[in-house]
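Read the structure below first, then the notes.
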Amino acid sequence: MPTPESELFKSQKPKVPPTFDGVDYYDTKAFKAAEDAIIREQWVQAMMTRLLSDELSRCHRVNGVNHLEKCGHLRERYLRQLAMSKLTGAKFLQQNYLDKKSEEIDLEAKVHPINKIAKINNGKPPPQQLRRFSTHPHLLSSAPVLSTPVSKPGEAPPAKEPPPARSICVAGTVLTGLNFTKGGKDPVAMKDEDYPEWLWSCLDVIKTKSDKGTHDAGDEFSKSKKTRREAVKRARALEAAGGLAPPKIPVQRQSINLPGAEGGTVEDNIDAIHKREELRKAMRKERKAKVKETNFLKSM
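Sequential numbering of the sequence shown, starting at 1372, is according to our numbering.
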């Protein structure tokens, strides 16, 4: 990154001063050159301030000792740079006038940017401020609702709303096809209050029992979408509860070496035979399930 003191940056120094004094605003090239010079000068001041600040910070932290008395010239230069880069006034004046006297001269000669803006806006009507009025009266529904409804003397209290229907069948509906006795008639739906209370929650109890399941219920690699979904749900619940149980991976999908080596003991060889037999059965079971699934899809 170039610095203000590098030779490459000094060679690219603009030939115009960093100010808009005496620049014709309608000359695009001259205006752009002055603007670039001002931006470059502001960047130089900001970069020099940053470099001096870095040098001062290094001076203060040499071997844990305060060396401020040895960096006095740097501190004076840093304060001067801050005073140069911190200009007072609006942002437009900061970018156009570096000297207050030049601004006063332009104001007296009526060539200030404020005068040019006023000249451009001359003859245009001032912006109108539109006020909107509403002709609608206040709505009565906007009043707060009373906690106790107001009723007139002698007026009957409002009737209570009936409870919502719990059954999807209206009372008196003939349930065709539900008769299981020989020569009997199809049952007829009754009112909701005629059924026992335990009947409405019996399915919820069965659902609660089935949701518990066992720890190993559900296979992540099953061909049943429902079983895979239950396995994923159980794994997420275990992870949220902070469980450390590793995921169950089938034997035929594990990338581990089977036991057994040349010159091993009898116990090691027997263990290797059992592991290979277990792997063979698992692979055979998977192949049979795959063939069964393929045959089922072909028959559709």
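Virtual Cβ for every residue (Gly too), placed ideally from N, Cα, C.
Check                                                                                                         : Outcome
Paired residues, beta bridge with Val1559 - DSSP                                                              : Val1545
Cα-Cα separation between Glu1406 and Glu1479, rounded to whole angstroms                                      : 24 Å
Rounded straight-line distance, which links the Cα of Val1603 to that of Asp1590                              : 9 Å
Endpoints, alpha helix (DSSP H) assigned at Ala1629                                                           : What sits at residue 1629 in the sequence shown is Leu, not Ala. Run containing Leu1629: none; DSSP gives neither H nor E here.
C-alpha gap between Lys1597 and Ile1641, whole angstroms                                                      : 39 Å
Unbroken alpha helix (DSSP H) run spanning Ala1741, endpoints                                                 : Nothing about residue 1741 can be read from this structure; the chain reaches only from 1372 to 1671.
8 Å CB neighbourhood of Ala1401 in its chain, flanking five on each side removed                              : Val1387, Val1394 and Asp1395
Three-state class that DSSP yields for Phe1402 in the structure shown                                         : helix
Presumed contact (8 Å Cβ cut-off) between Gln1623 and Glu1657, rounded CB distance                            : 6 Å
Under the three-state DSSP convention, the category Lys1672 falls into                                        : The structure shown does not extend to residue 1672, since the chain spans only 1372 to 1671, so no value can be given for it.
C-beta atoms of Arg1421 and Pro1385 nearer than 8 Å                                                           : no
Segment contact, 8 Å Cβ cut-off, at least three pairs: the stretch 1605-1612 with the stretch 1643-1653       : no
Validate contact between the stretch 1556-1564 and the stretch 1527-1542 using beta carbons, cut 8 Å, 3 pairs : yes
Per-residue DSSP class, three states only, for Lys1386                                                        : coil
Expected contact under 8 Å - CB spacing of Gly1631 and Ala1643 to nearest Å                                   : 3 Å
Secondary structure of Ile1620, DSSP reduced to three states                                                  : coil
Alpha-carbon spacing of Trp1571 relative to Thr1547, whole angstroms                                          : 21 Å
Buried or exposed (CB count within 10 angstroms, at least 16 for buried), Ile1627                             : exposed
Distance CB(Pro1621)-CB(Phe1667) smaller than 8 Å                                                             : no
For Glu1378, three-class secondary structure by DSSP                                                          : helix
Collapsed DSSP secondary structure at Cys1573 in the structure displayed                                      : helix
C-alpha gap between Leu1574 and Ile1539, whole angstroms                                                      : 15 Å
CB of Asp1557 within 8 Å of CB of Val1545, strictly                                                           : yes
Reduced DSSP secondary structure (H/G/I, E/B, other) of Asn1486                                               : helix
Phe1391 burial status per 10 Å Cβ neighbour count (16 or more: buried)                                        : buried
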